[in-house]
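In my numbering, the protein residues as written are 590 to 880.
One structure below.
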């Protein structure tokens, strides 16, 4: 079951007719921001939190962002016009609108596009590979969810080539940072640790909720900016969080060289605390779909 309609600049349109100008700065120079929301049972998850982050990203990039009222109305329209996916994804994209053939902006109206698609269910465990390219924690757009995703596309393609679903980055100091579209957590003995924002990662909504709900349940998760590659090989378990993965254990790890060779391959067991965190996330989601 596929989507039948997208939402483009104020109008629902059939998917085959959905289009933006070739002069749109989002197309020309990736001058835009976006959010991906999980759809389950015909409802979009954590709308308010995603709206807040979208606004933060747009403000940080200097793009005028449509109001929550406009975005929420568009969400209602696109959800009503499409099949009630049991599991899917909703993408909200905002660009700076029409621009010149360069990096300058002309200060026009932003472009707003909403699109939906079914989402395959992730397997019980997944694989992640540490790639040799860094996440720049000093970037001008650090912490913003922008459409400038070429580095992520490149790294993810390298991971897929070797049979892994996610690529993990270190920052410029050699500290563990994040995946291309996920955050990473490690189990070290009795502790659960995750990279801090100082490593250049994007603060994921699922990451945020996992930490909040875990602490409410008495599970302490510590954010650190000094996790090293060696911590991946020495940890007792690891998992990823993202809007579509929720809490997903990592079952295998490896390291990729610039020569496209794998090393340090290892399999991981799934400690009980990861099962507990996944159960807490599922329970809390069932109680409140807009936490």
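Where a beta carbon is used, it is the ideal one built from N, C-alpha and C, also for glycine.
Quick caveat: nothing in here was measured; it's all calculated off a predicted structure.
- Contact check for residue 713 against residue 774 fails: the beta carbons are separated by 8 Å or more.
- In the three-state reduction of the DSSP assignment, residue 746 falls in the helix class, which pools H, G and I.
- If you draw a straight line from the Cα of residue 718 to the Cα of residue 707, it comes to about 26 Å.
- Within the same chain, 714, 828, 859 and 863 come within 6 Å of residue 838 by CB-CB distance, once the 5 residues on both sides are set aside.
- For residue 641, the enclosing alpha helix (DSSP H) stretches over residues 636 to 650.
- Rounded to the nearest angstrom, the Cβ distance from residue 619 to residue 626 is 21 Å, too far for a contact under 8 Å.
- Of the residues assessed, residue 612 falls on the exposed side of the cut-off, its CB having fewer than 16 other CB atoms within 10 angstroms.
- Counting the other CB atoms within 10 Å of its CB gives residue 750 a total below 16, which places it among the exposed residues.
- Secondary structure of residue 659 (DSSP, three-state): helix.
- Look at residue 629 here: in three-state DSSP terms it is strand.
- The residue among 856, 766 and 768 with its C-alpha nearest the C-alpha of residue 841 is 856.
- Taking 8 Å as the cut-off, the Cβ atoms of residue 687 and residue 610 count as close.
- Counted as a single uninterrupted DSSP element, the beta strand (DSSP E) harbouring residue 705 occupies residues 700 to 707.
- In this structure, residue 756 keeps its C-beta atom at 8 Å or more from the C-beta atom of residue 811.
- For residue 598, same chain residues with a beta-carbon under 7 Å away, outside a window of 5 residues either side, are 700 and 701 in chain order.
- Three or more Cβ pairs closer than 8 Å define a contact, and the region 670 to 686 meets that threshold against the region 635 to 647.
- By the Cβ test, the region 800 to 818 is in contact with the region 760 to 771, since at least three Cβ pairs between them sit closer than 8 Å.
- Within the same chain, and ignoring the five residues on either side of residue 741 in sequence, the residues whose Cβ sits closer than 6 Å to its Cβ are 769.
- Between residue 866 and residue 794, the C-beta gap is not smaller than 8 Å, which leaves the two residues out of contact.
- Residue 653 is classed as exposed because its beta carbon has fewer than 16 other beta carbons within 10 Å across all chains shown.
- If only complete runs of 3 or more residues are kept, the region 803 to 869 shows the beta strand (DSSP E) at 810 to 813, 826 to 831, 835 to 845 and 851 to 856, in order along the chain.
- If the five residues before and after residue 752 are omitted, its C-beta is found closer than 7 Å to the C-beta atoms of 716, all from its own chain and listed in chain order.
- The alpha carbon of residue 790 has as its nearest neighbour, out of 761, 806 and 780, the alpha carbon of 761.
- By the neighbour-count criterion, in which a residue is buried when 16 or more other Cβ atoms sit within 10 angstroms of its Cβ, residue 734 is buried.
- Taking 8 Å as the cut-off, the Cβ atoms of residue 674 and residue 631 count as close.
- Runs of the beta strand (DSSP E) spanning 3 or more residues and lying entirely within the region 596 to 630 occur at 600 to 603 and 621 to 629, in chain order.
- Residue 736 and residue 615 do touch by the CB rule: their CB atoms are close to 6 Å apart, below 8 Å.
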